[in-house]
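Note sheet for the following structure.
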Amino acid sequence: MKDPTHELHRSSSRPGPAAGNAASGFNRRDFFKGAGASAAATALATSVAEANQAAAPVVVGPGMSKIKLDVNGESREVAVEPRMTLLEALRYGCGLTGAKPVSIDGSSGASTVWIDGKLAAANTTLVMDCVGKKIRTVESLGGSKPDAVCSAFLHNDAMQCGFCTPGFVVAVRDFLDKHPDASEAEIRAGLNGNLCRCGTYANVIMAALEVVKGGK
Amino acid sequence: MATYEWPKQGTASLLGKEIDRIDGMEKATGAAKYAYDITPPKTLHARMLGCPHAHAKITSIDLSAAEKVKGVVAVKAMKEVGNEIRWQGDQLAVVAAETEGACAEGLAAIKIEYEVLPHFVEDTDAAAATAAGQTGKVAEDVQLVKEPGDDDDEKKFNDAEIERLLKESAIVVEGEYGIHAITHMCLEPHGSTCEWEGNKLTAHLSTQNVAGTAAQFASPLGITADDVTVHCDFIGGGFGSKFAADTWGVVCAELAKKTGRPVKLMLDRDQELKTAGSRPSGFLKARVGADKDGVVTVWDSHHWGTSGPTPGGVTQGVIPYVFDPKNRRRRMTPITTNTGPVRAWRAPNHPQACAMTQTAYDDIAGKLGIDSYDVFLRNLPSVSNQKADVYKAEMEIAAKLIGWKDKWHAHGKGDADGSIVTGLGMAIHTWGGGGHSSSCLVKVHPDGGVETTLASQDLGTGTRTCIGMVVAETFGLPLEAVKVNIGSSKYPASGPSGGSTTIGGVSESNRRASLDALDKLFALAATKLGAEAATLEAKDGRIGVKGSPDKSLSWKETCSLLGMTPLEVKGEFVRGTKDPKLGADSKLSSAQVAGVQMAEVAVDRETGVVKMKKFVAVQDIGVVINRQTAASQVYGSVIMGIAYALFEERIMDRQTGAFLNCEVSDYKLPRLGDTGEIVVEFYEPETEYMRGVIGLGEPPVIAPGAAISNAVANALGVRVPILPMIPQRVLSALGKGGKA
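Chains as they are written, first to last, in this note's numbering: chain U, 1 to 216; chain H, 217 to 956.
Rendered as structure tokens:
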């Protein structure tokens, strides 16, 4: 059984006083991917000029630039700095504050969102890496017909202060999408990527089980 | 004046039922707005620079480079040259900038020079602390059955008497017990978003104290409290650490004033842990004499610990915990360390006192080879709160729920499954939880609308829902019919949420106001119906004559009799008042609970890992308002207890004075899979129900440390003396590892 924690998308760390300077702006995985693509382009190019053109990076920043993000099925124009995290863009650019800043490294799970259908910690993901990707936040589960997980959290009181709750709701939704018939033991083993300080774990387990029994 | 009582037990339509939170869906869908989430247009992002040293003097401050960073709008020193810094992370300067990135860059450009001074962060060794000059005056408190004669030197007599009593005891347990300092680790860190309109400040503050913090902002800002609105609809955890505006709240307001823009200043995670609250540590040496049945005949202990930069620690008044043997001596040495100041942590003093002393009581069972249950039972006559009967009844319930009789074995004598051994342990606790002073305004509109308004706050305990339930119950309305307005200092004052006082306080004021309002509505309806007001009842959305369904008016019809003006009734409850109108001898609330908890653990003797199997919490709380949120308080308390029993501690580096594990990834806390099965049971015979509402938030967090430690001792046959019982300490207790 897979722990969703391990599926969290990790990239460069968020700029912070501890890090000293601003983050470098690319993550290792994307850098290698980019290098491969550019090498391929060079091989196909017939002249140096063409090769340079093909490999030329798109320069964004420093300072604020407007980019488009696909958030919860809507195209949003957001002003960002290249060093901004997805979490900052969501909270300050889109007004979506369900994902929360709790840890510097995503270890609390409070900023959990989906990027192209995979769980990610929004506070360790650079927003520039999200252009062209489908971002889905906890808010997509709300609205006039809330998702069964939200309802189960309500009915089982799987929340106290509620600051961890949105991240937990996303994690439970994702986990149950992958394991719709999860047993209690599997739920206990599979939802350890989110931290709650008030102690709502017992209620989260009940909520997840209710969704399993409800068949959703 | 109405008679202020609760409905007879079992007759309420809402009270005591499991009711979903009225703000639960907002929390579950991310719509709930916390202080951190409120970002008015043009908001600046502010962060503070913390001191890297545990003890230093500032020799120079240079903010010029920071001011030049692109995007930085304001920089302000929070300390002066010459100031002495006494704990790592203490805030030195603040930067407000257009973005978080620019803010971080600005902070990195601040240049501060220090004269580094010697630090002291070691709190486990009282002798070393005394030698280093880091201890305060030793407090001593002696209680003996035999009194000294007129000619006796009291100290010499006491010393001799304690030794005599120990010598005459059937057994003496000598042990060392302790529990490390922990932090609050509020997931929403401390902080606020501040905005000004002219000379009026609105502070969106993450606070447990909506009514009391406006004045704390006003005074240092040179305005008066009427010019301040503190606003807090949701708070992301407080646990006792968020009662104040704090220096960072005031500096946030100052920056907002200076820049003419809203400013958001929330603590970084490491600053939250280093500076925004911790719980005192406690380490205790005891000699406990008992008779052959395990009844304590004499208690003699010395404990120490740190409250940070000012002398403190766990008060000796709660040693030994709940039990108060007739002969006892308790000494306490306060230690001063270069660590962040303590703040009230859920049930201040009690969890540490329970963990340091009810473990010694359990060791009596271990030494005599008798059942821990019997030792606790036989010592109940000495409990300090006259609740021996409640404990006895709760112990019986808890024992049944955990299967104590079937599973019990003498300490260390259970069957092993490979390297895994299991054990049972128990502990008991007590807490006050009397309601705080509270005012509210209940408003009934002529169109039938109902609202109640008060400057309270919902810490996550379900206060908002409970208030609505009290009003709705009183008016015979569904919960959805009542609008609850809390979270603004402009509302009628209600107490801070600390000490488990909120539910008692807000239930008092709201029940009183609603009953008074109902009296007025009954008078109007009585005239209309041609009935006596005394014969009326409010039920199922109607006001009518009891037992005559045809003689009634709908709620709306009744309210229309108000004419053009809404009915407004103030509810008032004053804690400790002598005035019956304000709550003297109230039947609606009271104080003092007892509680019994039992733990079952599995311990791996090879790895030292302790796993929770089952935990049972039996709790008396008087009248239950919302059974669902009340149960959540107990679940949460138990899980927080498991956290400090097995996982969390503040780790200070003796070499550098640094707080080593001040980020989420390093500060170990239990996760969903770590908590085992938890059973919550309320003890609520009519005698308890008649006592009215009593606070619940804190009591169940007290006993888990001792109960789990006792279960581990029962499993292993040796005591793991210090909490949290991380694998290293378990192995050390088993003689398999180094010093823990």
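Even glycine gets a Cβ: it sits at the ideal position worked out from N, Cα and C.
Remember, it's a predicted structure, so these values are computed and weren't measured experimentally.
Residue-chain proximity (residue i, chain H), Cβ-Cβ < 8 Å
i              : result
residue 138(U) : yes
residue 128(U) : no
residue 209(U) : no
residue 150(U) : yes
residue 104(U) : yes
residue 163(U) : yes
residue 200(U) : yes
residue 142(U) : yes
residue 217(U) : Residue 217(U) lies beyond the stretch modelled for chain U, which goes from 1 to 216, so this question has no answer here.
residue 112(U) : no
residue 154(U) : yes
residue 60(U)  : no
residue 88(U)  : yes
Short CB-CB distance (under 8 Å) between residue i and chain U
i              : result
residue 553(H) : no
residue 885(H) : yes
residue 944(H) : no
residue 649(H) : no
residue 449(H) : no
residue 672(H) : no
residue 402(H) : yes
residue 730(H) : no
residue 307(H) : no
residue 399(H) : no
residue 248(H) : yes
residue 865(H) : no
Beta-bridge pairing of residue i - partner residues as DSSP gives them
i              : result
residue 288(H) : 313(H)
residue 412(H) : 417(H)
residue 351(H) : 551(H)
residue 203(H) : This structure does not reach residue 203(H), given that chain H is present from 217 up to 956, and the question cannot be answered.
residue 206(U) : Residue 206(U) pairs with nothing; no bridge assigned.
residue 754(H) : 759(H)
Cβ-based burial, residue i [other Cβ within 10 Å; buried from 16]
i              : result
residue 488(H) : buried
residue 876(H) : exposed
residue 750(H) : exposed
residue 257(H) : exposed
residue 526(H) : exposed
residue 415(H) : exposed
residue 484(H) : buried
residue 785(H) : buried
residue 458(H) : buried
residue 480(H) : buried
residue 203(U) : buried
residue 359(H) : exposed
residue 603(H) : buried
residue 297(H) : exposed
residue 763(H) : exposed
residue 404(H) : buried
residue 144(U) : exposed
Which ranges does the alpha helix (DSSP H) cover as unbroken runs of at least 4 residues, wholly within the region 541 to 620 of chain H, from first to last along the chain?
566 to 584, 588 to 595, 604 to 618
What are the start and end residues of each continuous alpha helix (DSSP H) run of 4 or more residues lying completely inside the region 679 to 708 of chain H, in chain order?
679 to 691
At least three beta-carbon pairs within less than 8 Å, the region 444 to 451 of chain H to the region 248 to 261 of chain H:
yes
With three or more beta-carbon pairs closer than 8 Å as the criterion, would you say the region 918 to 932 of chain H touches the region 808 to 825 of chain H?
yes
I'd like to know if the region 574 to 591 of chain H and the region 529 to 549 of chain H are in contact, where contact means that at least 3 CB-CB pairs between them fall below 8 Å.
yes
Three-pair Cβ contact test at 8 Å for the region 618 to 629 of chain H versus the region 544 to 552 of chain H:
no
Residue ranges of each beta strand (DSSP E) run of no fewer than 3 residues wholly in the region 779 to 803 of chain H, ordered along the chain?
783 to 789
Where are the alpha helix (DSSP H) runs, 4 residues long or more, that stay fully inside the region 453 to 485 of chain H, in chain order?
462 to 475
Can you confirm whether the region 127 to 140 of chain U touches the region 281 to 292 of chain H when touching is taken to mean that 3 or more C-beta pairs between the two stretches lie within less than 8 Å?
no
Entirely within the region 245 to 305 of chain H and at least 3 residues each: give me those beta strand (DSSP E) ranges in chain order.
260 to 266, 272 to 278, 288 to 293
How about the region 287 to 307 of chain H and the region 339 to 356 of chain H: do they share at least three Cβ pairs that are nearer than 8 Å?
no
So, do the region 856 to 873 of chain H and the region 684 to 694 of chain H have three or more beta carbon pairs nearer to each other than 8 Å?
no
Segment contact flag, the region 849 to 856 of chain H with the region 892 to 899 of chain H, C-beta cutoff 8 Å, min 3 pairs
yes
When the Cβ atoms of the region 757 to 776 of chain H are set against those of the region 792 to 806 of chain H, are three or more pairs found closer than 8 Å?
no
Could you say if the region 85 to 104 of chain U and the region 120 to 128 of chain U meet the contact criterion of at least three C-beta pairs nearer than 8 Å?
yes
Restricting to runs no shorter than 3 residues, where is the beta strand (DSSP E) found entirely within the region 859 to 944 of chain H?
893 to 899
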